[in-house]
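Beneath this line is the structure, given in structure tokens, with notes to follow.
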Amino acid sequence: MEKFFVGKCQYQLWFVLLISFLLSLILLFFDHSALTGWDQNNVVTISVNNFVNVIQDRKNKTFDCTVNSSHRTTASSTTYHNSTSDLTKNTNSGRQVKVTQEKKEPIEHISPSLDSCFGRYIYMHDIPRQFNEDLLKDCHSLIKWFDMCQYISNMGLGPRIENSERVLLRKGWFATNQFTLELIFHNRMKQYKCLTNDSLLASAIYVPFYPGFDVGRYLWGFNITMRDSASLSLVKWLAQKPEWKRMWGRDHFLVGGRIGWDFRRQTDDDSDWGSKLMFLPESNNMTLLSIEASSWNNDFGIPYPTYFHPSKDIQVRQWQRKMRRTKRRYLFTFAGAPRPNSTVSIRGELIDQCRSSSTCNFLDCVHGANNCEDPSKVMKAFQSSVFCLQPPGDSLTRRSIFDSILAGCIPVFFHQGSAYAQYVWNLPKNHTTYSLFIPLNDLKEKKVLINETLLLVPKKEVLAMREEVIKLIPRIVYADPRYRLESIEDAFDIAVKGVLERVEAVRREIKEGKDPSIGFAELNGTKF
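Taking the numbering used here, the leading residue of the sequence shown gets 736, the next gets one more, and so forth.
Structure below.
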């Protein structure tokens, strides 16, 4: 009997040991699974903190966060997926990140510290062609006074300049029209390295409407119904999109190739000028970038297009070196025409003083109209001078401002609104470092002689200002949209950066519980 009990206990002891061993194996297995991020249901564990952090599976069971649907990624490691799912996670910053899992495809993991586009993504609306591309098909009628067809070639840069008599470089120069900015900008945006097809990732949203080309067809001899038709249709289309409802358009921006005033008709009288695009309720929530801003806070001036559109960084540096070496035979130059019907224009006085001075070079744009339409002649005149006079034109600004800077010629301004209060993103706040200012009224009242005033500037200051002007060249040119500059920020890059900062400021106000509409689109009587 005793042996029976001993044998039975031995059997139970072995059974207990076997069960304990199996339990230990199971516990070890679950412990291993917890470390590798895999459970009994083959579910991948993820953690999203502020942007996206990925926990990897050592045995090819990994989850990926896709942050750029334009297929641009920054790699930290490469693994594989083994299942498929779609999730959306809210980040600490309030943005949504789409998290995708694909089967057995190599992926690249991204963290905020490695993603150079974090906070810089832009989504471009795919608007109906009637608002942009279809307008170009009728290029003969875009502007009443001349045919724009040749100027929309080369993505808006216009015809290449082949023979410049060594005034220009061999590459990168085009006969660009001053009204093609919206086309150039759109084509540059298509090449923007942080463009995304996922609007949830976007920090700002671009509307590729061509408002200048649209209204330019109807400025003379058409009623307001024709001038406003496309604008009304556009904002109706935008207001129906989910992207609009996130910030009610305050993260949206568009570009106009005409001055801002052309989109701010203040009455419904057919005799009044322009469209009312920027006075529509929806447009009050958008930001307009144009060659000249109006007095409203949601208008920002960005440079007129010049003739120079580099495709490589070295072209910019070569041009800067050329401008530093250029000998300047004239003290100052004025390129333009008088405004005899304007009581406020000082052009007549400038022309008189220029013609009476042996140190001035006058490029006549009336009797020698072709002079001012020939890029080589314009650039040659500015390259030959130390100072270039830049009075207001038909409006406060003129394209010649940027042509003179491009030529290394120190601009002389007569109104604060011609540059200082206009191009706040592109030009230095301390305007004395790169320009000279002569009050307009002093000239009208004949208190100032241009020649004597310019001769009083010490040579050391002249050299310092010229160097500052030459340094500004990259900031006021638009690169060729078919290429991408490597290390140089051009006018497009600076404009995009300005928009992103503006939208981010609005987001901060919203987070702080403030009303983002206050001051966003108000009339600013002291702007200029």
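Every residue, glycine too, gets a C-beta built ideally from N, C-alpha and C.
CB-CB length for residue i against residue j, believed under 8 angstroms
{"i": "Gln1125", "j": "Leu904", "result": "In fact, because the Cβ distance is near 24 angstroms, the residues do not count as touching under 8 angstroms."}
{"i": "Glu1017", "j": "Ala974", "result": "6 angstroms"}
{"i": "Tyr1213", "j": "Pro977", "result": "Going by Cβ atoms, the distance from Tyr1213 to Pro977 rounds to 31 angstroms, so no, they are not a contact pair."}
{"i": "Leu969", "j": "Phe944", "result": "6 angstroms"}
{"i": "Phe914", "j": "Gly951", "result": "7 angstroms"}
{"i": "Ile1227", "j": "Gln1151", "result": "Position check: residue 1227 holds Phe in this sequence, whereas Ile was assumed. Not confirmed; about 26 angstroms, so no contact."}
{"i": "Cys1095", "j": "Phe1067", "result": "5 angstroms"}
{"i": "Ser938", "j": "Val1238", "result": "6 angstroms"}
{"i": "Thr911", "j": "Tyr1042", "result": "5 angstroms"}
{"i": "Val1121", "j": "Val1234", "result": "Val1121 to Val1234, Cβ: 35 angstroms. No contact."}
{"i": "Met890", "j": "Arg1219", "result": "Met890 to Arg1219, Cβ: 13 angstroms. No contact."}
{"i": "Leu918", "j": "Ile887", "result": "6 angstroms"}
{"i": "Trp972", "j": "Pro863", "result": "7 angstroms"}
Sheet register partners of residue i (DSSP bridge)
{"i": "Ile994", "result": "Glu1027"}
{"i": "Cys1123", "result": "Thr1068, Pro1146"}
{"i": "Ala939", "result": "Ile857"}
{"i": "His987", "result": "Ile940"}
{"i": "Asn1096", "result": "Thr1068"}
{"i": "Leu1171", "result": "Val1147"}
{"i": "Leu1258", "result": "Trp1031"}
{"i": "His1078", "result": "In the sequence on display, residue 1078 carries Thr and not His. BP columns for Thr1078 are empty, so no partner."}
{"i": "Phe1043", "result": "Trp908"}
{"i": "Gly1036", "result": "Ser1025"}
Beta-carbon contacts of residue i that lie in its chain and below 6 angstroms, excluding the five residues immediately before and after
{"i": "Leu1171", "result": "Val1147"}
{"i": "Gln1345", "result": "Nothing can be reported for residue 1345, as the shown portion of the chain is limited to 736 through 1263."}
{"i": "Phe866", "result": "Phe944, Leu969"}
{"i": "Trp996", "result": "Ser1029"}
{"i": "His921", "result": "Pro943"}
{"i": "Ile1140", "result": "Val1204, Leu1207, Ile1211"}
{"i": "Asp986", "result": "Ala939, Ile940, Val1238"}
{"i": "Asp1007", "result": "Arg1000"}
{"i": "His860", "result": "Val942"}
{"i": "Asp1215", "result": "His1044, Ser1046"}
Buried/exposed call for residue i, threshold 16 Cβ in 10 Å
{"i": "Glu1257", "result": "exposed"}
{"i": "His875", "result": "exposed"}
{"i": "Glu1221", "result": "exposed"}
{"i": "Leu1024", "result": "buried"}
{"i": "Asn1161", "result": "buried"}
{"i": "Ala1154", "result": "buried"}
{"i": "Glu1027", "result": "buried"}
{"i": "Ile1253", "result": "exposed"}
{"i": "Gly1248", "result": "exposed"}
{"i": "Pro1127", "result": "buried"}
{"i": "Gln1157", "result": "buried"}
{"i": "Gly991", "result": "buried"}
{"i": "Ala1230", "result": "buried"}
{"i": "Gln885", "result": "exposed"}
{"i": "Phe948", "result": "buried"}
{"i": "Gly718", "result": "For the chain, the structure presents residues 736 to 1263; residue 718 sits outside this window and is missing."}
{"i": "Met736", "result": "Bear in mind that the predicted position of Met736 carries a pLDDT of just 44, short of 50, making it unreliable; the figure below should be weighed with that in mind. Result: exposed."}
{"i": "Pro1045", "result": "buried"}
{"i": "Thr931", "result": "buried"}
{"i": "Thr1078", "result": "exposed"}
{"i": "Phe957", "result": "exposed"}
{"i": "Ala1240", "result": "exposed"}
{"i": "Pro1075", "result": "exposed"}
{"i": "Ser1135", "result": "buried"}
{"i": "Arg1060", "result": "exposed"}
Other residues of its chain near residue i: CB distance less than 8 angstroms, five sequence neighbours each side excluded
{"i": "Pro1073", "result": "Ser1080, Arg1082, Gly1083, Ile1086, Val1101"}
{"i": "Gly1009", "result": "Val950, Leu954, Arg962, Trp996, Asp997, Phe998, Arg999, Arg1000"}
{"i": "Trp983", "result": "Asn1020"}
{"i": "Ser1130", "result": "Ile994, Trp996, Glu1027"}
Chain-order list of residues whose beta-carbon lies under 7 angstroms from that of residue i (same chain, five-residue window excluded)
{"i": "Leu1012", "result": "Pro946, Ser966, Phe998, Ser1018"}
{"i": "Glu900", "result": "Ser1111"}
{"i": "Arg1264", "result": "Missing from the structure shown is residue 1264; the chain here goes from 736 to 1263 and no further."}
{"i": "Asp1003", "result": "Ile959"}
{"i": "Val1183", "result": "Ile1173, Asp1177"}
{"i": "Ala1142", "result": "Met1058, Met1114, Phe1117, Gln1118"}
{"i": "Cys1089", "result": "Phe1069, Cys1095, Phe1097"}
{"i": "Cys929", "result": "Cys852, Arg855, Tyr856, Ile857"}
{"i": "Gln1055", "result": "Ile1205, Ile1208"}
Residue i beta carbon near the ligand FMN (any heavy atom closer than 6 angstroms)
{"i": "Phe881", "result": "The ligand FMN is not part of this structure, which contains no ligands at all."}
**Request:** Please specify which runs of the beta strand (DSSP E), each continuous and at least 3 residues long, are wholly inside the region 853–933, giving them in chain order.
**Result:** 857–859
**Request:** Kindly provide the ranges of any alpha helix (DSSP H) runs that are 4 or more residues long and lie completely inside the region 1175–1234, ordered along the chain.
**Result:** 1175–1179, 1185–1190, 1194–1207
**Whole alpha helix (DSSP H) elements within the region 946–973, 4-residue minimum** = 946–951
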